[in-house]
Amino acid sequence: MLFKRKKSAPDAKQVAVSAKLDQRLTSDFILGAIEDGVVMVGIDNVIHLFNPAAAQIAGWPATEAVGLDYHSVLQLVDEHGEAYSRQNHPIGRVLASGQAIRDSKAFLQTRGSKLIPISIIVSPVNQAPNMPPQNVVGVFRDITAEREEEARRSEFVSTASHEMRTPIAAIEGYLSLALNPKISSIDNRAKNYLDKAYASIRHLGQLFQDLLTSSRAEDGRLASYPTVVEIGEIVAGVADGAKFNAQKKGLQIRFLVSGSNEVRGGKVIRPLFFVSVDPDRMREVFQNLVDNAIKYTEQGSITLVITGNDSVVQIQVADTGAGIPEEDIPHLFQKFYRVDSSMTRTVGGTGLGLYICRRLVELYQGRIWVESQLGKGSTFFINLPRLSPQKALELQRTQSSLVKPEQRPL
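The structure is reproduced here in structure tokens:
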């Protein structure tokens, strides 16, 4: 009599090994298929994983990269050519802080000494609560093509905007002459049409100017002539200039300087806040913020406040207007971003104003941000490095030999 041998069921250990092998094969397949470079670094600063895309981008074979210190394989430099130290390298920062980091401004120096722009995201893994991570994973990619496309787009916008300024200025000039009662005589109906045309061409001119300014700010070609100025004079001038438009809406404009105001000879002597900025550029920033405040405020006031300490000057532009939804605040200073509301659709705009403000403030090592409450108003803050009177005098002497503002290129 024949008996069939009964197959024994695989034990738990065999199942676990098989599952682990399947998982490893799947992981290897995925890591080999994706186009982004993936690197895993342990708390010992040693590379434990380097996928084929990482090897291709960095120019290091995975067999050589694994086991080496990440800082010797992924050598990063900033846009000025300065090498990242271990402390400010994205991988080093995540190993130290346990917080995920994104960097889109770094350049990777390949094994062949070629510099390529990359975007890298580093995240912690295997992290116990309140403990540094045991490993971090970095995902990076070559963004050369995106940078080149960006440069072409920026060049087109810059060229087109510049070329449009001449015909727009001519149209605006002719319309201005047609509306001048000393030069031409027109009936009220024609004047109404010309007023609308004049307002439209001015809006179009501002649009092209904003596009040109933002394009030049992005590629580092924005003309700027920093000089020592007393920032209170600029802010006071903007506040005075805005009173007419504010009063047309029944709004008040207030300008305050906090600090120890002294009274001498019956006059209030306010503190002086010296900074090194291009006065025309900073006037553009404050003008933009005040104009926005007037546009989005139906009743109440706009208040400009200057305060500061020995190292920082802070300028606040506060309104009692519509306010900004909380979810929009993080995106407010991004290019072309506009809050979607019935009021913004009525007022109009390009979404470039606040972006330009941010770029200009950052040009002078400053910072701009906003705090807002929906339905109660917004306050925009600008911090700028403050100069001591002695430092201001020294800089003034140095800057007197530089190009004067009236010689700035258009």
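Going by the working numbering, the sequence shown opens with residue 252, and the numbers climb by one from there.
Cβ coordinates follow ideal geometry from the N, Cα and C atoms, glycine included.
Out of curiosity, what's the CA-to-CA distance linking residue i and residue j?
| i | j | result |
| --- | --- | --- |
| Y606 | T410 | 20 Å |
| D570 | I553 | 4 Å |
| N339 | I298 | 18 Å |
| L502 | F358 | 50 Å |
| G249 | S475 | With the chain covering only 252 through 661, there is no way to say anything about residue 249. |
| T601 | G574 | 19 Å |
| V489 | R534 | 7 Å |
| Y444 | L507 | 41 Å |
| R521 | G483 | 9 Å |
| R362 | A402 | 26 Å |
| I545 | A497 | 6 Å |
| G241 | G310 | In the structure displayed, the chain extends from 252 to 661; residue 241 sits before or after that span and is not available. |
| G628 | V292 | 47 Å |
| E414 | S355 | 32 Å |
| A441 | A429 | 10 Å |
| N386 | D295 | 9 Å |
| P384 | P581 | 28 Å |
| V563 | L540 | 20 Å |
| R398 | Y449 | 38 Å |
| V408 | R467 | 10 Å |
| D579 | L473 | 28 Å |
| K586 | A316 | 39 Å |
| D446 | Y588 | 29 Å |
| S427 | F495 | 20 Å |
| G424 | E645 | 43 Å |
| Q624 | A351 | 29 Å |
| S436 | S509 | 51 Å |
Within its chain, find whatever has a CB closer than 8 Å to the CB of residue i; leave out the 5 residues flanking it on each side and keep chain order.
| i | result |
| --- | --- |
| G492 | Q538 |
| I419 | I452, L455, G456 and F459 |
| N302 | L282, G283, I285, G288, V289, V290 and A313 |
| G626 | A573 and G574 |
Have a look at the options and flag the residue whose alpha-carbon is nearest the alpha-carbon of residue i.
| i | options | result |
| --- | --- | --- |
| L555 | E406, I504, D561 and D354 | I504 |
| I557 | S412, G389 and V486 | V486 |
| Q550 | G572, P530, R532 and Q565 | G572 |
| L300 | A429, V388 and V526 | V388 |
| R392 | L426, S436, E286 and A351 | E286 |
| I308 | D295, I394 and E613 | I394 |
| E613 | R532, S623 and N560 | R532 |
| S687 | S364, P368, R353 and Y449 | Since the first and last residues shown for the chain are 252 and 661, residue 687 lies out of range. |
| A379 | R398, L346 and V408 | L346 |
| I609 | R589, P576 and L583 | One point to set straight first is that residue 609 is Arg, not Ile, in the sequence displayed. Cα-wise, what sits closest to R609 is L583. |
| V249 | G617, Y547 and E330 | What the structure shows of the chain is the stretch from 252 to 661, and residue 249 is not part of that stretch, so it cannot be assessed. |
| P368 | V390, P341, A396 and N634 | A396 |
| P477 | A304, L611 and T417 | L611 |
By Cβ distance below 7 Å, which residues in the same chain neighbour residue i in space, the five residues on each side in sequence not counted?
| i | result |
| --- | --- |
| Q641 | none |
| T649 | none |
| Q360 | Q326, V328 and L366 |
| E481 | L523, F524 and F525 |
| V376 | P384, N386, V387 and V388 |
| G559 | F524, Q565 and R637 |
Using C-beta distances below 6 Å, list every residue in its chain close to residue i, excluding the 5 sequence neighbours before and after it, in chain order.
| i | result |
| --- | --- |
| D470 | S405 |
| Y335 | L327 |
| Q647 | V479 |
| A643 | V479 and F525 |
| R337 | H322 and G343 |
| F631 | L540, V568 and V621 |
| A306 | P312 and A313 |
| P636 | Q616 |
| Q658 | Only weak support is given to the placement of Q658: the predicted model assigns it a pLDDT of 49, under 50, and the value that follows is read from those uncertain coordinates. Result list for Q658: empty, nothing under 6 Å. |
| P341 | I352, D354, I371 and V373 |
Using the Cβ count rule (16 or more neighbours within 10 Å means buried), how would you classify residue i?
| i | result |
| --- | --- |
| L272 | Confidence at L272 is low in this model, with a pLDDT of 49, below 50, so its placement is unreliable and the value that follows should be read with caution. Classification of L272: exposed, given that the 10 Å Cβ count is below 16. |
| Q638 | Per the sequence shown, the amino acid found at residue 638 is Leu instead of Gln. Buried is the call here. |
| I434 | exposed |
| I619 | buried |
| L462 | buried |
| T464 | buried |
| L603 | buried |
| K499 | exposed |
| I371 | buried |
| P530 | buried |
| S666 | Here the chain comprises residues numbered 252 to 661, so residue 666 is not present and cannot be evaluated. |
| V536 | buried |
| V528 | buried |
| A421 | exposed |
Closer than 8 Å, CB to CB, is residue i near chain D or not?
| i | result |
| --- | --- |
| R453 | The displayed structure is made up of one protein chain only, and chain D is not part of it. |
4 or more residues per run - each alpha helix (DSSP H) lying fully within the stretch 579-624 | Counting only runs of 4 or more residues that sit fully inside the stretch 579-624, the alpha helix (DSSP H) segments are 593-598 and 604-614, in chain order.
Run through the stretch 337-399 for me and flag every whole beta strand (DSSP E) of 3 or more residues, listed as ranges in chain order.
-> Taking only runs of at least 3 residues, the beta strand (DSSP E) segments lying wholly in the stretch 337-399 are 352-354, 358-360, 366-376 and 386-393.
At 4 residues or longer, and completely inside the stretch 501-581: list those alpha helix (DSSP H) runs for me, N to C.
-> Counting whole runs of 4 or more residues, the stretch 501-581 contains the alpha helix (DSSP H) stretches 530-546.
At what residue ranges does the stretch 436-466 contain a whole run of the alpha helix (DSSP H), taking only runs of 4 or more?
-> Counting only runs of 4 or more, we get nothing.
Jot down the residue ranges of each uninterrupted beta strand (DSSP E) in the stretch 307-331, minimum 3 residues, whole runs only, in chain order.
-> Entirely contained in the stretch 307-331, the beta strand (DSSP E) runs reaching 3 residues are, in chain order, 326-328.
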